[in-house]
Amino acid sequence: MNTLHDRTMALAATLQAVAQVQYIARHGETDDEQLAAALNTIMVTDPDSIDDIYPDKKVLANGYRWVINQLGDNHQKDVEITRYLVGLLALERKLSRNHAALAMMSERIQQVRRQLQHFAVTDEQVIANIADIYSDIISNLGPKIQISGNPHILQQKQVQNKIRALLLAAMRSAVLWRQLGGKRRQLVFSRKAIVDTANNSLTLY
Numbered sequence: 025m026n027t028l029h030d031r032t033m034a035l036a037a038t039l040q041a042v043a044q045v046q047y048i049a050r051h052g053e054t055d056d057e058q059l060a061a062a063l064n065t066i067m068v069t070d071p072d073s074i075d076d077i078y079p080d081k082k083v084l085a086n087g088y089r090w091v092i093n094q095l096g097d098n099h100q101k102d103v104e105i106t107r108y109l110v111g112l113l114a115l116e117r118k119l120s121r122n123h124a125a126l127a128m129m130s131e132r133i134q135q136v137r138r139q140l141q142h143f144a145v146t147d148e149q150v151i152a153n154i155a156d157i158y159s160d161i162i163s164n165l166g167p168k169i170q171i172s173g174n175p176h177i178l179q180q181k182q183v184q185n186k187i188r189a190l191l192l193a194a195m196r197s198a199v200l201w202r203q204l205g206g207k208r209r210q211l212v213f214s215r216k217a218i219v220d221t222a223n224n225s226l227t228l229y
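Okay, structure coming up:
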């Protein structure tokens, strides 16, 4: 049961980061608390438990709602969010098999972590460096995820950096989801159990 709980938490975090990508692509801004929470997960590379990655469960409330919306029996499914998630999970599978890319990513994350001794994780330069990790390593693994939104907003460098940084955060949670036994077929065949767990988690936190 705890595995399902933790797996659902990782899926919620993945969807929440993806939803932030969608929002910033349309509006040019995102919630700073959610942004910081998402980016901080990237820095936790050797956790003792899932609590090290997601210390503040309340921040994941929107993520659980996205799990319920996307997998539940209602009509609120967002096709764009589904497309982003499918693209991300495909890239994650490629990353998990590429040891050179994993080693390079670990090294680059260590460099950013040293930056955090002097800057907040939401500092523009820190976000830019996280975005570069995504561009240099993840983007080269397979077909790029095509982001839809306001063309004028998407032309802004800061927006591009936040989107790539959030995609890396989504990737981090997708990696954890798979490590906890998550498989794409569960999103179809285990939907009810996942949705029930998301609903319970919302009432807990």
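Count along the sequence shown from 1, then add 24; that gives the number in the numbering used here.
We put the beta carbon where it would ideally sit given N, CA and C, even for glycine.
Taking C-alpha atoms, which residue in the options lies nearest to residue i?
i	options	result
residue 181	56, 110 and 52	52
residue 137	169, 69 and 221	69
residue 156	34, 141, 172 and 189	189
residue 19	127, 107 and 26	The requested residue 19 is not part of the displayed model; the chain covers only 25 to 229.
residue 144	103, 59, 29 and 71	59
residue 149	183, 100 and 174	183
residue 195	179, 126 and 209	126
residue 228	82, 162 and 128	82
residue 146	193, 197 and 213	193
Ordered along the chain, which non-local residues of its own chain (more than five positions away) have a Cβ less than 6 angstroms from that of residue i?
i	result
residue 176	none
residue 153	136
residue 71	77
residue 173	49 and 50
Which same chain residues, not among the five before or five after residue i, have their C-beta less than 8 angstroms away from its C-beta?
i	result
residue 199	116, 119 and 120
residue 201	31, 34, 35 and 38
residue 133	66, 67, 69 and 157
residue 80	61
If you reduce the DSSP assignment to three classes, tell me which class residue i lands in.
i	result
residue 210	helix
residue 144	coil
residue 10	Past the edges of the chain, shown from 25 to 229, lies residue 10, and the structure says nothing about it.
residue 176	helix
residue 82	helix
residue 231	This structure leaves residue 231 out entirely; the chain is present only between 25 and 229.
residue 111	helix
residue 122	coil
To the nearest angstrom, how far is it from the Cα of residue i to the Cα of residue j?
i	j	result
residue 97	residue 211	13 angstroms
residue 131	residue 124	11 angstroms
residue 114	residue 141	34 angstroms
residue 215	residue 95	6 angstroms
residue 43	residue 105	7 angstroms
residue 191	residue 112	8 angstroms
residue 161	residue 205	24 angstroms
Report all residues from its chain with a CB closer than 7 angstroms to the CB of residue i; omit the five preceding and five following residues, and keep chain order.
i	result
residue 92	219, 222 and 223
residue 187	45, 48, 49 and 171
residue 166	114, 115 and 118
Meets three-Cβ-pair contact criterion under 8 angstroms: the stretch 79–90 and the stretch 37–55 = Cβ pair count under 8 angstroms is three or more, so yes.
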